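Numbering (the numbering used here), first residue to last: 1 to 221.
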């Protein structure tokens, strides 16, 4: 069974696991504050086409706001990169990128502030096209484990739990079937912790050549 390392859900599930943990009674939710960041680059790409902005962003924001209300933690929403200062980020436990895409910072000072937040122990959740964010920033790509290469059409496919002991996959079946866009990455960084993997054989094989071209190195389960 061929598989492609999946990093995006690896980032998303720890937050979900944290929110639904059996030990959630021990969490002081009043001390938790998250920043939901929705910035997308506006303008034209190298081909002259407008950068794509996902329509799901407002729904993702509402989802986290609902979760915040249910659990009792605070959540700020912004698409302004000026929120990325070292002083401002100190108030947050987690930064959530909701379908951010392409360049989302205005300058290296903002990038440096975000990096220092992460290196000081801050949490990060990347949703959907977050893996296509800051495609020219090496550190960010290393943190994610790679950068966006391609995805086939929306479809039902299978994911394999390859580290069942990891708390982020608690409650998931060994083979998880769902509908989504199967994101492929390039410039893969070997230091990432992967707990789920795509089963590429479960994808629609009408695009078999592109799947093979983007799969890169793979192993057999």
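Using N, Cα and C, we set each Cβ at its ideal position, and we do this for glycine too.
Keep in mind that this is a model prediction, so the values were computed, not measured.
Residues of its chain near residue i, where Cβ-Cβ distance is below 7 angstroms and the 5 sequence neighbours each way are ignored
i: residue 103; result: 41 and 134
i: residue 21; result: Model confidence at residue 21 stands at a pLDDT of 46, short of 50, so the residue's coordinates are unreliable and nothing is read from them.
i: residue 86; result: 113 and 116
i: residue 24; result: Here residue 24 scores only 47 on pLDDT, less than 50, and its place in the model is too uncertain to base an answer on.
i: residue 45; result: 51
i: residue 84; result: 105, 110, 113 and 114
i: residue 172; result: 161
Boundaries of the beta strand (DSSP E) in which residue i is found, first to last residue
i: residue 197; result: 196-199
i: residue 75; result: 74-78
i: residue 35; result: 33-37
i: residue 94; result: 94-98
Close beta carbons around residue i, own chain, < 8 angstroms, minus the five adjacent residues each side
i: residue 61; result: 36, 38, 77 and 98
i: residue 142; result: 189 and 191
i: residue 164; result: 174
i: residue 187; result: 141, 146 and 147
Residue interval of the alpha helix (DSSP H) (run including residue i)
i: residue 108; result: 108-119
i: residue 86; result: 86-89
i: residue 26; result: Residue 26 -> no alpha helix (DSSP H), and no H or E assigned at all.
i: residue 41; result: Counting along the chain, residue 41 falls outside any alpha helix (DSSP H), and DSSP gives it neither H nor E.
i: residue 70; result: 57-71
i: residue 210; result: 208-215
For residue j and residue i, believed in contact at Cβ under 8 angstroms, the rounded distance
i: residue 148; j: residue 207; result: That belief does not hold up - the Cβ atoms of residue 148 and residue 207 are roughly 16 angstroms apart, past 8 angstroms.
i: residue 178; j: residue 159; result: 7 angstroms
Cβ shell of residue i (< 6 angstroms), same chain only, five flanking positions each side left out
i: residue 73; result: 29 and 32
i: residue 128; result: 99
i: residue 111; result: 105
i: residue 157; result: 182, 202 and 203
i: residue 132; result: 101 and 148
i: residue 130; result: 97 and 100
Check whether residue i and residue j have beta carbons under 8 angstroms apart
i: residue 50; j: residue 64; result: no
i: residue 94; j: residue 27; result: no
i: residue 223; j: residue 201; result: Absent from the structure is residue 223, since the part of the chain shown begins at 1 and ends at 221.
i: residue 92; j: residue 121; result: no
i: residue 182; j: residue 198; result: yes
i: residue 210; j: residue 150; result: yes
i: residue 96; j: residue 53; result: no
For this session: Would you list, in sequence order, the uninterrupted alpha helix (DSSP H) runs of no fewer than 4 residues that lie entirely inside the segment 111-187?
Result: Runs of the alpha helix (DSSP H) inside the segment 111-187: 138-144.
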